[in-house]
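Colleague: The structure that follows is given in the form of structure tokens.
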């Protein structure tokens, strides 16, 4: 799948296939580092990847809250 802009510009196509958009969200939810997902998608800036593909899932929010609570108030 080569973007129209690449076809028109004559630029060599990127040989990496583009994963479906939901795959990026799934990778991030599975803990794949955002920088890795950014490179897979061919984004030049991490903000594009994070702003587009990260969503606050209620379960992830609960897990994060539990971890913060444990880090701040658990007795070691």
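Residue numbers (full-length UniProt numbering): 1 to 76. Built from N, CA and C at the ideal position, the CB exists for glycine as well. If you're wondering where the values come from, they're calculated on a predicted model, not measured in any experiment.
Residue 26 to residue 71, Cα distance in whole Å?
Modeller: Taking the first residue of the chain shown as position 1, residue 26 is located at position 26. Taking the first residue of the chain shown as position 1, residue 71 is located at position 71. Those two C-alpha atoms are separated by around 26 Å.
Colleague: Are residue 50 and residue 34 closer than 7 Å when you measure CB to CB?
Modeller: One-based indexing of the chain shown puts residue 50 at position 50. One-based indexing of the chain shown puts residue 34 at position 34. Against a cut-off of 7 Å, the Cβ pair of residue 34 and residue 50 comes out as a contact.
Colleague: Quick check on DSSP: helix, strand or coil for residue 44?
Modeller: Within the chain shown, residue 44 is the residue found at index 44, counting from 1. If DSSP states are grouped into helix, strand and coil, residue 44 belongs with coil.
Colleague: Please name the residue, chosen from 53, 68, 75, that lies closest to residue 32 on a Cα-to-Cα basis.
Modeller: Position 32 of the chain shown, counted from the first residue, corresponds to residue 32. If we check each option's Cα against that of residue 32, 53 comes out closest.
Colleague: What would DSSP say about residue 66, mapped onto helix, strand or coil?
Modeller: Within the chain shown, numbered from 1, the residue matching residue 66 stands at position 66. The answer is helix: DSSP assigns residue 66 an H, G or I state.
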